[in-house]
Amino acid sequence: MISSFIRKKPSFLRNLLKTNAQGNMPVQLGLLNMPNDLVLVRHGASEGNLAFEEERKGNYQLFSPQFMETHESKWRLTDRGREQARAAGDWIRDNINVFFGVYFCSEYVRAIETASLLKLPHAHWIRHVFLRERNFGRIAGLSYKERLKRFEDQLKRSKRDFFYWRPPSGESLAEVALRIDYILDKLSNKAIFPSSAIIVSHFNVMQVFRARIEMIHQSDFAERLVNVPPEQKIKNCCIIHYTRTNPETKEIAPVYKWMRIAIPYLKEYSNPPWTEIKYSYLANDDLQKEFGISGNENPII
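Sequential numbering from 7 applies to the sequence shown in the numbering used here.
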């Protein structure tokens, strides 16, 4: 009966069942039923990015009363941001695809502007509120200096509880992950047709996309997604391309197995290599070793 079932299934399922028949239990890790290609694009440099960049140089003039009273969803792209978006569009057309089946973007103005400037032919963009940037609550729009002055205690906690810390009246990365899971679930329902998707969003949103797709756990979040080399930083108009297609053999895997990160307007990062995604799981003993648990510890309280 099993052999009859095997003959009717795709090769990756046949191999899976054959392995099971031999008494081994393989584990399939990664997101199933996803579009063949998923392209994530961060928005171009915005008025907010420029203000914080100038602050790091000691210039606080851009933090005017008008700027601080403007909700961050209304920040526009700068001239440089528009150039970055055009470069990203050129790179996508030259290196990925001209047509996508799904076109999602954040509802924030800087993401909408970026999506439009990609100039993808026949695009039909759908704005989605769940793709908005992380809500920074009462610290949003404040300079770093002002944040430290008003919320020093809270900012110290952010270093201790990086993934779970919630800015005052804001949103934690863990809460952003709930939104991203919803988007990924929507995409999984569109896996057969269309076979590709593009999403234009924001820095923290793209960090969380990486965490969910690559199965990066909260304990590794800072090491693998924050303290990274320059070529892996999610700069403005950074493009993250996930694929199920083997770049060399063109065979299609059941989950995302390869990725590349490009920053088209920076020549040194515009031709990135493919990286194979390594998924991993922990057995019982591994769990204990990773967190130094023996089963005989005294509780904290």
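Cβ atoms here follow ideal geometry from the backbone N, Cα and C, with glycine treated the same way.
- Non-local beta-carbon contacts of Arg185 in its own chain, meaning distances under 6 Å to residues more than five positions away in sequence, involve Phe136 in chain order.
- Setting aside the 5 residues that flank it on each side, Glu237 is surrounded in the same chain by Tyr275, each with a C-beta closer than 6 Å to its C-beta; the list follows chain order.
- Of the residues assessed, Tyr150 falls on the exposed side of the cut-off, its CB having fewer than 16 other CB atoms within 10 angstroms.
- Secondary structure at Asp43: strand, using DSSP grouped into helix, strand and coil.
- With a beta-carbon spacing of about 10 Å, Tyr114 and Arg82 fall beyond the 8 Å limit used to define contacts.
- Counting only runs that start and end inside the segment 74-123, the alpha helix (DSSP H) elements of at least 4 residues fall at 85-101, 115-123.
- For the 8 Å CB-CB criterion, Ile267 and Pro253 do not form a contact.
- Within its own chain, the residues whose Cβ lies closer than 7 Å to the Cβ of Trp171, once the five positions on either side in sequence are excluded, are Arg163, Ser164, Ser178, listed in chain order.
- For Gly147, the closest alpha carbon among the candidates Tyr248, Tyr66, Gly36, Cys243 is that of Tyr66.
- Nearest neighbour of Ala183 by Cα position, chosen from Asn195, Arg166, Val214, Arg88, turns out to be Val214.
- A straight-line Cα-Cα distance of about 8 Å links His130 and Val108.
- Of the candidates Lys256, Asn242, Arg133, Ala217, the residue whose Cα lies closest to the Cα of Asp43 is Lys256.
- The three-state reading of DSSP puts Ala228 in helix, counting H, G and I together.
- Distance from the CA atom of Met74 to the CA atom of Val261, rounded to whole angstroms, is 43 Å.
- In the DSSP assignment, no residue is bridged to Met212.
- Val234 and Ile245 have their alpha carbons spaced roughly 16 Å apart.
- When the five nearest sequence neighbours on each side are left out, the beta carbons in the same chain lying within less than 6 Å of the beta carbon of Ala121 are those of Cys111, Trp131, Val206, in order along the chain.
- According to the DSSP assignment, Ile240 belongs to no beta strand (DSSP E), since it is labelled neither H nor E.
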